[in-house]
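Everything below concerns the one structure shown next.
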Amino acid sequence: MLNHFTYLLEIPYWLLQNSNVGNKYPFAKKFELVNEINQIGSRHSGKTLSNLEMFAELIKISMLIKEPIFIFASMKMNKDIRDSIFQNIWNTLEKHNIPFSVNLSTHSFTIPNGTKIVCRGLHSAT
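For the sequence shown, our numbering assigns the number 11 to the initial residue and increments by one for each residue that follows.
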């Protein structure tokens with residue numbers, strides 16, 4: 011299933027509304043589960059930075075409601091992009107004071123509530 015949210019930060023509202031914490035917040039519309047986000051924009055439009063901020067919000071909410079989530083972070087670029095995604099997510103987690111453990115061999119993060127982030131770079135063999 012592929013859904014498009016009007017704004018990226020609608021996803022945390024979906025997560026909250028589907029928890030016992032969410033019944034404290036009024037929502038004008040019901041949000042459906044999304045498992046993929048596609049974004050269109052130029053190289054300098056800030057898509058990566060907006061996604062990283064959204065990841066931080068999602069993780070904070072998942073910690074609040076004690077429900078783990080899984081984030082698969084990938085970008086189609088050159089073979090070194092995995093390290094770039096990995097470092098950007100690391101910086102974002104530290105910026106938001108989110109506790110995490112790191113697995114350097116698999117380029118993944120684990121949050122104490124079980125949330126997992128896996129980083130992959132998609133590239134051609136050439």
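All C-beta atoms in this analysis are idealised placements derived from N, C-alpha and C, irrespective of residue type, glycine included.
Q) From what residue to what residue does the beta strand (DSSP E) around PHE65 run? A) Within the sequence shown, residue 65 is the residue found at index 55, counting from 1. Taken as a continuous stretch (DSSP letters only), PHE65 belongs to no beta strand (DSSP E), being part of the alpha helix (DSSP H) at 57-74.
Q) Under a three-way DSSP split, which group does ASN107 fall into? A) Within the sequence shown, the letter at position 97 stands for residue 107. If DSSP states are grouped into helix, strand and coil, ASN107 belongs with coil.
Q: Can you say whether PHE96 is buried or exposed, counting buried as having 16 or more other CB atoms within 10 angstroms of its CB?
A: Taking the sequence shown and counting its residues from 1, one reaches residue 96 at position 86. Its Cβ being crowded by 16 or more others within 10 Å, PHE96 is buried.
Q: Could you give the DSSP three-state label for ASN113: helix, strand or coil?
A: The residue you call residue 113 lines up with position 103 of the sequence shown. Three-state DSSP puts ASN113 in a strand.
Q) Tell me which same chain residues have a C-beta within less than 6 Å of the C-beta of THR102, skipping the five on either side of it? A) Taking the first residue of the sequence shown as position 1, residue 102 is located at position 92. Around THR102: LEU62, ALA66.
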